[in-house]
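Structure, as structure tokens:
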Amino acid sequence: MPKSEQMRKLEDFENPRIVPLGGTLFAASFFLMKLLPARFMLERATERGDLKPGATICESSSGTFGLALAMLALQYRHPLVLVSDWALDRHLHRRLIELGAKIAIVEEPAASGGLQRARLQRLAAYLDELPGSYWPCQYDNPDNPLSYGKVAALLIDRVGPVDCLVGPVGSGGSMCGIARTLRSLFPELHTVGVDTPNSVLFGQPSGRINLSGLGGNILPANVDHTQFDEIHWLTPAEAYAATHDLHRTHGLFMGPTSGAAYRVARWWADRNPGKTVITLMPDEGHRYVETVYDPQWLASVPGWPSSVRNAPVTVSTPAGPMPGWSRLEWNRRTLEAVVGPGDASI
Ligand SMILES: Cc1ncc(COP(=O)(O)O)c(C=O)c1O
Numbered sequence: 008m009p010k011s012e013q014m015r016k017l018e019d020f021e022n023p024r025i026v027p028l029g030g031t032l033f034a035a036s037f038f039l040m041k042l043l044p045a046r047f048m049l050e051r052a053t054e055r056g057d058l059k060p061g062a063t064i065c066e067s068s069s070g071t072f073g074l075a076l077a078m079l080a081l082q083y084r085h086p087l088v089l090v091s092d093w094a095l096d097r098h099l100h101r102r103l104i105e106l107g108a109k110i111a112i113v114e115e116p117a118a119s120g121g122l123q124r125a126r127l128q129r130l131a132a133y134l135d136e137l138p139g140s141y142w143p144c145q146y147d148n149p150d151n152p153l154s155y156g157k158v159a160a161l162l163i164d165r166v167g168p169v170d171c172l173v174g175p176v177g178s179g180g181s182m183c184g185i186a187r188t189l190r191s192l193f194p195e196l197h198t199v200g201v202d203t204p205n206s207v208l209f210g211q212p213s214g215r216i217n218l219s220g221l222g223g224n225i226l227p228a229n230v231d232h233t234q235f236d237e238i239h240w241l242t243p244a245e246a247y248a249a250t251h252d253l254h255r256t257h258g259l260f261m262g263p264t265s266g267a268a269y270r271v272a273r274w275w276a277d278r279n280p281g282k283t284v285i286t287l288m289p290d291e292g293h294r295y296v297e298t299v300y301d302p303q304w305l306a307s308v309p310g311w312p313s314s315v316r317n318a319p320v321t322v323s324t325p326a327g328p329m330p331g332w333s334r335l336e337w338n339r340r341t342l343e344a345v346v347g348p349g350d351a352s353i
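Residues in the sequence shown are numbered consecutively from 8, following the working numbering.
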């Protein structure tokens, strides 16, 4: 597909800024990280003929992937249907409408797989109803991790050899895509994934996830467990406290998944002096002004601020209760190898 001027403008937003955070710790700070995989997926689908000119794009999202798709769908002239739930905040909702997306809100969770499963069921109904419609499916589409090769190249160009990569895990696209490319050059790379309690991604029992942007109740094919050396779980209160620290200490006004990754990266960097550490920061803070950055809203968050841990407790299994920041040495194992075959089929 020939690229219009406007598409090139959006491409300028894809690269992260590399921000030194002291010593050998750096942030890869994105305006909106999902613009990169979203554009790559749409372009590849167009090349393959899966996405025809003017066809409707349908996706399940309550966050940044939906926003990236809405920005791009408008440039590429595709109608967009987004299936979402209560986690869609009113700022993002307004922005999506402004960009011309149709939003369908799912109210009731499915019997298993929660709201995420219910959203996928609604999405399947839309795909049936709309002939020729296309589903990017960021959770399972291999073009999602593949798109991040470009970020790995930029990181090496800017900071040189990388010893440790830290980042939040949702679809798995960013961490697994960047880690795979970096490891082809630096096999000793240490990779640290950041998740949250009640997320099944690294073996917690499924439950309500109160931190949006990372974790999940369904296991995405794009989470390649063998890429991870270490997993940390932070509660929402811990992620929010870290997000404030990041803003106050470094002037970086980011979302809570960036804060969570920062907390873990700082901890790891302090214990490994001289190692070059990069932490992914997927989105900016504007969307969270009335939540994460609002003291009144924060007062309603369980555990805020009394049960925020300053260091992780190392656990030997991912399946136990996690009342606060926890850490497991994953050692590049499969999920089955960590939790046993019965529990890995979530
Ligand atoms: C704000 C935010 N942080 C982190 C992530 C996780 O990134 P990934 O899906 O590449 O694992 C997402 C995913 O949607 C996100 O929206």
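Glycine is no exception: its CB is placed at the ideal position from the N, C-alpha and C atoms.
Report all residues from its chain with a CB closer than 6 Å to the CB of residue i; omit the five preceding and five following residues, and keep chain order.
| i | result |
| --- | --- |
| Ala117 | Arg124, Ala125 |
| Tyr133 | Cys65, Val88 |
| Pro152 | Gly180, Cys183, Gly184, Asn229 |
| Gln145 | Phe72, Asn151, Ser178 |
| Asn217 | Pro243 |
| Thr4 | Residue 4 is absent from the structure shown; the chain starts at 8 and stops at 353. |
| Val408 | Residue 408 lies beyond the residue range present for the chain, which begins at 8 and ends at 353; the question has no answer from this structure. |
| Lys109 | Val88 |
| Thr256 | none |
| Arg334 | His239, Pro319, Thr321 |
| Arg165 | Ile25 |
| Lys157 | none |
For residue i, collect the residues of the same chain with a Cβ closer than 8 Å to its Cβ; drop the 5 residues on either side in sequence, then sort them by chain order.
| i | result |
| --- | --- |
| Leu189 | Ala159, Leu162, Ile163, Val169, Leu172, Leu196 |
| Gly347 | none |
Mind checking if residue i is an interface residue toward chain B, Cβ cutoff 7 Å exclusive?
| i | result |
| --- | --- |
| Ile163 | Looking at the structure shown, chain B is missing, and only one protein chain is on hand. |
Using the beta-carbon count (16 or more within 10 Å), is residue i buried or exposed?
| i | result |
| --- | --- |
| Glu343 | exposed |
| Ser191 | exposed |
| Arg84 | exposed |
| Ala306 | exposed |
| Val320 | exposed |
| Trp332 | buried |
| Trp93 | exposed |
| Val345 | buried |
| Asn317 | exposed |
| Gly61 | exposed |
| Ser36 | buried |
| Pro263 | buried |
| Gly258 | exposed |
| Asp147 | exposed |
| Gln211 | buried |
| Asp202 | buried |
| Arg15 | exposed |
Return yes when the Cβ of residue j is within less than 7 Å of the Cβ of residue i, no when it is not.
| i | j | result |
| --- | --- | --- |
| Leu221 | Val284 | no |
| Val271 | His232 | no |
| Ala268 | Thr286 | yes |
| Ala246 | Val315 | no |
| Leu32 | Ala276 | yes |
| Ser154 | Leu81 | no |
| Gly121 | Asn279 | no |
| Gly237 | Glu115 | The identity of residue 237 in the sequence shown is Glu, whereas the question assumes Gly. Taking 7 Å as the Cβ cut-off, Glu237 and Glu115 do not qualify as a contacting pair. |
| Pro309 | Met40 | no |
Please return the same chain residues whose Cβ sits closer than 7 Å to the Cβ of residue i, not counting the five positions on each side in sequence.
| i | result |
| --- | --- |
| Ala351 | Legend: pLDDT at Ala351 = 49, less than 50; position of this residue unreliable, value from coordinates given subsequently. Once the five neighbours on either side are set aside, the close Cβ partners of Ala351 are Leu342, Glu343. |
| Ser67 | Val90, Arg126, Leu127, Leu130 |
| Lys376 | In the structure as shown, the chain begins at 8 and stops at 353. Residue 376 is therefore absent and cannot be evaluated. |
| Ala186 | Leu172, Leu196, Thr198, Gln234 |
| Asn22 | Leu161 |
| Leu79 | Leu17, Ala45, Arg46, Leu49 |
| Phe38 | Phe20, Glu291 |
| Ser219 | Ser69, Gly70, Ala94 |
| Asp57 | Tyr141 |
| Asn338 | Asp236 |
| Phe193 | Pro168, Val169 |
| Trp304 | Glu297, Thr298 |
| Leu253 | Leu259, Met261, Ser265, Gly266, Tyr269 |
Curious, which full-length alpha helix (DSSP H) runs of at least 4 residues does the stretch 84 to 154 contain?
97 to 105, 121 to 136, 150 to 153, all fully within the stretch 84 to 154.
Would the stretch 204 to 216 and the stretch 163 to 173 be scored as touching if the rule is three or more Cβ pairs under 8 Å?
The stretch 204 to 216 is not in contact with the stretch 163 to 173.
Under 8 Å: do the stretch 324 to 332 and the stretch 288 to 301 share three or more Cβ pairs, one atom per stretch?
The count of Cβ pairs closer than 8 Å, one atom from the stretch 324 to 332 and one from the stretch 288 to 301, stays below three, leaving the stretches out of contact.
Could you pull out every unbroken alpha helix (DSSP H) segment of at least 4 residues lying fully inside the stretch 218 to 287, listed in chain order?
Within the stretch 218 to 287, the runs of alpha helix (DSSP H) that reach at least 4 residues and sit entirely inside it are, in chain order, 243 to 257, 263 to 278.
Determine, using beta-carbon pairs with one atom in the stretch 92 to 111 and one in the stretch 137 to 147, whether at least three such pairs fall under 8 Å.
In this structure the stretch 92 to 111 does not touch the stretch 137 to 147; the number of beta carbon pairs closer than 8 Å is below three.
Count the C-beta pairs between the stretch 299 to 316 and the stretch 69 to 76 that are closer than 8 Å, then say yes if the count reaches three, no if not.
When C-beta atoms of the stretch 299 to 316 are compared with those of the stretch 69 to 76, fewer than three pairs fall below 8 Å, so the two segments do not count as touching.
3-residue-minimum beta strand (DSSP E) runs that sit fully inside the stretch 158 to 229, ordered along the chain:
Qualifying beta strand (DSSP E) stretches, in chain order: 171 to 175, 197 to 202.
Taking only runs of the alpha helix (DSSP H) that begin and end inside the stretch 289 to 313, which ones reach a length of at least 4 residues, in chain order?
Restricted to the stretch 289 to 313, the alpha helix (DSSP H) segments that are unbroken, complete and at least 4 residues in length are 302 to 306, listed in chain order.
Identify every run of the beta strand (DSSP E) within the stretch 14 to 55, keeping only runs that are complete inside it and at least 3 residues long; order them along the chain.
The stretch 14 to 55 contains these whole beta strand (DSSP E) runs: 24 to 27, 32 to 36.
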